[in-house]
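Asker: Protein sequence lines correspond, in order, to chains C and L. Counting from 1, one number per residue, gives the positions in the first sequence under the numbering used here. Counting from 1001, one number per residue, gives the positions in the second sequence under the numbering used here.
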Amino acid sequence: MPERIIIVGAGPAGTRAARILAEAGLATVLLDEAAGNGGQIYRRQPPGFRRPYAALYGTEAGKAERLHAALDGFGGLIDHRTDTLVWSLDGRRLMLNTAGRADSLDFDRLILATGAMDRVIPLPGWTLPGVFALGGAQVALKHQACAVGAKTCFVGSSPLLPYVAYQYARAGAGVAGVVDTTPRSAKLGALPDLLAVPGVTARGLTYMAWLARHGIRYWHGATPLRVEGGEHVTALVFRTAGGAERRIDCDAVALGYGLKCEHQLADLAGCAFRFDSPTRQWVVAQDDAGRTSVDGLYVAGDGALIRGADAAELAGERAALALLADLGRPVDAARVAQIGRHLARIDRQRRGMDKAFAYPNHLAQSLADDVILCRCEAVTVGEVRRAVTEQGADDINRAKAFCRVGMGRCQGRVCGPAAADVVAAALGRPIEAAGRLRGQAPVKPVPVAVLAQAELGETQSA
Amino acid sequence: MSMAVTVPSGGGQLRRLGERDRPVVTITIDGAEHEALAGDTLLTALLTAGHRVRESEFGDGPRAGFCWMAACQDCWVWLADGRRVRACSTPVEPGLSVLTRPAAPGDA
């Protein structure tokens, strides 16, 4: 019986992995929540939208078009199931929700290419309507041809800050300004590493220069203080690098401090994790081909390590080649070496990115007690601090048990990083000592009817 | 840009930047009719009509979604038929009726 191979996620990594395996003659099932492949970075617009690739993806239009077409002609080998959420993993079985219908699939080998989401740090007022995640503001533009406000303020520390601000302004949206927490000096210091991939760095500088030319202010080394508004956002208040308090009138805030891995399924599978200091987050322990500690389970793309779309495609190919090798199939050693060299160069550039757009770990620690930390259940910073100082929680999971932080619908996807900062600071220990929020099934909410079908075993195992 | 069938963007949170020449899809938001466009998600429809998607169950005010990519789970809304859907990943359909405020006690 042939090996049953499943790939979760049809972004750059998952799509490329499926294509490589298909070229080797292997059948795969490719699962994704979206209606078409591409992931978030090459997110497709809905049918009936007419903007050309160049308008949607800019300099990356060619890559997006190639990735979208990468499954074409392989329908016989790649069973691409759209609108499909993998909500649980139990041993070698995946539990699925395909547009409201329960299903399950057993696998022998699994490539998890589950992507990433925005990493955010709360601030007073961040639950007001009009505050959105930075990558989300980009999705609104790409997928819906909308700006998240008439005048959007871009706030955080991320290469996406100048990029999305530029995309907004180019598309005719109002940009109120860019408030970047990383000092200018850190960006200059990062240049040697950034130049490992000069094209990407040059693009970033182009966006910043374009913003400056068009009179859009860019503040470096700023400290966001609060979002103001009654029923919705009316202003962002921050402190400049020089110490002055500034208010920017705006009706939307796009907030982002880099990306974080979506690795809940790897967690359920029992994969070992390690703390990645440069990106300041827990990642699935993996070898340079994406093999995890669980036999037959591979990770690739931004769900494995945050390093961008180009690296994701390479890592997807690398994981597929590892899978082939593990099956005893011949693999092109020269191509493997080439991918390794390419990824090493991108990794060096990412080290520069991590400095140029550093994660400001002091921000969450200095939040006032009354700031909402967990959006799902409105748990405050003070409640998390008290879980440590008064109730004796000695890590993030104990804090969760005491005050429900990270226990809501999103399972700590949004508040997790900041909650860990608050716990670590309250413990007076480094961030990794706060531990890692453990996930549980379902990894995303599933309709009761689907859970019931799964419970009753009314799923069609294929 | 193609000739636009003007859809009033009103005083909503979002601003349409193009792709306006799509068929109109009429939905109902809190009992009032709203003209969305084919291909809109429910989140887009709600936020071109106004500034809210739902009320926080914890009394801290209105919410309007956050991540746009089906991760934060902050945009779950009730449909009038009793279904719960995530607005950012649900396309609008003609006749869809959505509630951004909890039904009064005794309703539903």
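Backbone N, C-alpha and C fix where the C-beta goes; we use that ideal spot for every residue, glycine too. In this text, all values refer to a predicted model and were calculated from it rather than measured experimentally.
1. Output, in sequence order along the chain, the residues in the segment 122–139 of chain C whose CB is closer than 8 Å to any CB in chain L.
2. Per DSSP, what are the beta-bridge partners of GLN281 (chain C) in this structure?
3. Who are the Cβ neighbours of ASP1074 (chain L) in its own chain at under 6 Å, not counting the five residues just before and after it?
4. Quick one: grab the DSSP three-state call for TYR257 (chain C).
5. Taking DSSP as the reference, what is the three-state secondary structure of TYR298 (chain C)?
6. Using the beta-carbon of each residue, which ones in chain L are nearer than 8 Å to ILE372 (chain C)?
7. How far does the alpha helix (DSSP H) with LEU71 (chain C) in it extend, from its first residue to its last?
8. Does ARG375 (chain C) come within less than 7 Å of chain L when only Cβ atoms are used?
9. With distances taken between CB atoms, is the gap from GLY115 (chain C) to GLY9 (chain C) smaller than 7 Å?
10. Assuming HIS1051 (chain L) and GLU231 (chain C) make a contact with CB atoms under 8 Å, what is their CB distance in whole Å?
11. Whose CA, out of C:GLY39, C:ARG170, C:ILE346 and C:LEU268, lies closest to the CA of PRO192 (chain C)?
12. Could you spell out where the beta strand (DSSP E) holding ILE306 (chain C) opens and where it closes?
13. Starting from the beta carbon of ASP1074 (chain L), find every residue of chain C whose beta carbon is closer than 7 Å, and list them in chain order.
14. Mind pulling the chain C residues with CB within less than 8 Å of LEU1017 (chain L)?
15. Report the residues of the segment 26–48 of chain C with a CB closer than 8 Å to any CB of chain L, ordered along the chain.
16. Taking Cβ-Cβ distances shorter than 9 Å, what residues in chain C pair up with ALA1064 (chain L)?
17. Should VAL253 (chain C) and CYS271 (chain C) be called a contact, given that it needs their Cβ atoms to be closer than 7 Å?
18. Indicate whether TYR359 (chain C) and ARG280 (chain C) have their beta-carbon atoms separated by less than 7 Å.
19. Taking contact to mean 3 or more Cβ pairs, one atom from each stretch, closer than 8 Å, check whether the segment 44–59 of chain C and the segment 1031–1047 of chain L are in contact.
20. In chain C, what lies closer than 8 Å to TRP1078 (chain L) by C-beta?
21. Taking the CB atoms as reference points, tell me whether CYS153 (chain C) and LEU225 (chain C) lie closer together than 7 Å.
22. Please classify ARG307 (chain C): is it buried, with 16 or more other beta-carbons within 10 angstroms of its beta-carbon, or exposed?
23. For chain L, check one thing: does any of its Cβ atoms lie closer than 7 Å to the Cβ of CYS415 (chain C)?
24. From PRO1023 (chain L) to ARG51 (chain C), what distance separates their C-alpha atoms?
25. Residues of chain L with CB under 9 Å from ALA409 (chain C), in chain order?
26. Start and end of the alpha helix (DSSP H) containing THR206 (chain C)?
27. Pick from C:ALA34, C:GLY38 and C:ARG16: whose alpha carbon is nearest that of THR28 (chain C)?
28. Return the residues of the segment 1015–1047 of chain L that lie within a Cβ-Cβ distance of less than 9 Å from chain C, sorted by chain order.
29. Starting from ASN97 (chain C), trace the beta strand (DSSP E) in both directions and tell me its first and last residue.
30. Compute the beta-carbon to beta-carbon distance between GLN1013 (chain L) and PRO129 (chain C), rounded to the nearest angstrom, for a pair I have assumed lies under 8 Å.
31. Closer than 7 Å, CB to CB, is GLY1012 (chain L) near chain C or not?
32. Is VAL336 (chain C) near ALA304 (chain C), with beta carbons less than 7 Å apart?
33. Specify the secondary structure class of ASP193 (chain C) as computed by DSSP and reduced to three states.
34. How should GLN286 (chain C) be labelled, buried or exposed, when 16 other C-beta atoms within 10 angstroms of its C-beta is the threshold for buried?
35. Jot down the residue ranges of each uninterrupted alpha helix (DSSP H) in the segment 337–408 of chain C, minimum 4 residues, whole runs only, in chain order.
36. Could you name the residues of chain C that ARG1052 (chain L) contacts, counting a contact when the two beta carbons are closer than 9 Å?
Answerer: Concretely, from the data shown:
1. Against chain L - using a Cβ distance shorter than 8 Å - the residues of the segment 122–139 of chain C are THR127, LEU128, PRO129, GLY130, VAL131, PHE132, ALA133, GLY135, GLY136, ALA137 and VAL139.
2. C:ASP276
3. If we look at ASP1074 (chain L) and ignore the five residues flanking it on each side, its Cβ neighbours are ARG1063, GLY1065 and PHE1066.
4. coil
5. strand
6. ASP1060
7. Per DSSP, LEU71 (chain C) belongs to no alpha helix (DSSP H) and is neither H nor E.
8. yes
9. yes
10. 6 Å
11. Here the closest residue by C-alpha is C:ILE346.
12. Careful: ILE306 (chain C) lies outside any beta strand (DSSP E) and carries neither H nor E.
13. ARG375
14. LEU141, ALA145, CYS146, ALA147, ALA171, GLY172 and ALA173
15. GLU33, GLN40, GLN45, PRO46, PRO47 and GLY48
16. LEU128, PRO129, GLY130, VAL131, PHE132 and HIS232
17. no
18. yes
19. yes
20. In chain order: nothing, as chain C lies at least about 13 Å away.
21. The answer is no: Cβ separation not under 7 Å.
22. buried
23. no
24. Distance between the alpha carbons of PRO1023 (chain L) and ARG51 (chain C) is about 16 Å.
25. What sits at residue 409 (chain C) in the sequence shown is Arg, not Ala. CYS1072, GLN1073, ASP1074 and TRP1076, listed in chain order.
26. 198–213
27. For the residues C:ALA34, C:GLY38 and C:ARG16, the minimum Cα distance to THR28 (chain C) belongs to C:ARG16.
28. Cβ contacts with chain C come from ARG1015, ARG1016, LEU1017, GLY1018, GLU1019, ARG1020, ASP1021, ARG1022, PRO1023, LEU1037, ALA1038, GLY1039, ASP1040, THR1041, LEU1043, THR1044 and LEU1047.
29. 93–98
30. 6 Å
31. no
32. no
33. helix
34. buried
35. 361–365, 381–389 and 396–403
36. Within chain C, the residues near ARG1052 (chain L) are PRO129, GLU231 and HIS232.
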